[in-house]
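Okay, structure first, notes after.
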Amino acid sequence: MSKKLIPRLIVALAFLAAAVFYLLSELVPEQFGAFNLAWAGVLFAGMSGIALLISAFGVKNSVTLKKLQIALSCALVLVAAVCLISALALPGNLILPIILVVIAFFLVVGTLVVGGRKWDEGDNHKAGYKNYYQRKVEEEEGKRIEKQNTEPHDDADLFDK
4 MSKKLIPRLI VALAFLAAAV FYLLSELVPE QFGAFNLAWA GVLFAGMSGI ALLISAFGVK
64 NSVTLKKLQI ALSCALVLVA AVCLISALAL PGNLILPIIL VVIAFFLVVG TLVVGGRKWD
124 EGDNHKAGYK NYYQRKVEEE EGKRIEKQNT EPHDDADLFD K
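Here the numbering used here is used: the first residue of the sequence shown is 4, the next is one more, and so on.
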């Protein structure tokens, strides 16, 4: 089973649930009348953000991809928060503090998931790394030694001396 299956399944099921509840709110308004498009946005964007965050934990060795997934997850959770604010008709002065709390939370999660590694950390930071010129010198030295070992020796020259 693929590691990508669970987050994709969560997103698909969240979309299905949001669509079904929204349809039910239109068909049976007595029982599902409180469920509107804002609640559908909360359900879908929130679950998609959580699924993308789960997916970021499964990525191996790609710091850039992890950070991108965490940033997109943060954006989706922010969309869910704004939808929640509009669904509950909360006062507008709560929007900025909620957005800041969500961003701060995802900055902490991003630091924990990435482990403090930089996105551009390459081979040249590893011990024993040789640049192009050092590798070229070694390659030429190897060719020279191989040429000396494969050249035919004239045995007569050894006896003349």
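Glycine is no exception: its CB is placed at the ideal position from the N, C-alpha and C atoms.
Nearest residue (CA-CA) to residue i, options the options
| i | options | result |
| --- | --- | --- |
| Ala-49 | Val-117, Asn-96, Leu-16 | The identity of residue 49 in the sequence shown is Gly, whereas the question assumes Ala. That would be Leu-16, whose Cα lies nearest to the Cα of Gly-49. |
| Ala-84 | Tyr-136, Leu-26, Ala-41 | Ala-41 |
| Ala-78 | Leu-110, Leu-26, Gly-145, Thr-114 | Leu-110 |
| Ser-76 | Val-112, Val-66, Cys-86, Leu-97 | Val-112 |
| Val-14 | Val-45, Glu-29, Val-31 | Val-45 |
Continuous alpha helix (DSSP H) stretch holding residue i: start and end
| i | result |
| --- | --- |
| Phe-2 | Outside the shown range of the chain (4 to 164) lies residue 2, about which nothing can therefore be said. |
| Phe-47 | 40-61 |
| Pro-100 | 98-117 |
| Glu-143 | 135-153 |
| Ala-83 | 66-91 |
For residue j and residue i, believed in contact at Cβ under 8 Å, the rounded distance
| i | j | result |
| --- | --- | --- |
| Ala-54 | Ala-21 | The Cβ separation is near 13 Å, so there is no contact. |
Rounded separation between residue i and residue j - CA only
| i | j | result |
| --- | --- | --- |
| Val-117 | Gln-151 | 50 Å |
| Val-104 | Ile-57 | 19 Å |
| Gly-131 | Ala-90 | 58 Å |
| Glu-33 | Ser-51 | 29 Å |
| Arg-11 | Arg-147 | 55 Å |
| Gly-95 | Phe-47 | 22 Å |
| Glu-141 | Ala-107 | 49 Å |
| Lys-139 | Leu-81 | 51 Å |
| Leu-26 | Ile-88 | 22 Å |
| Leu-19 | Ile-73 | 24 Å |
| Leu-8 | Leu-115 | 23 Å |
| Tyr-135 | Ile-101 | 50 Å |
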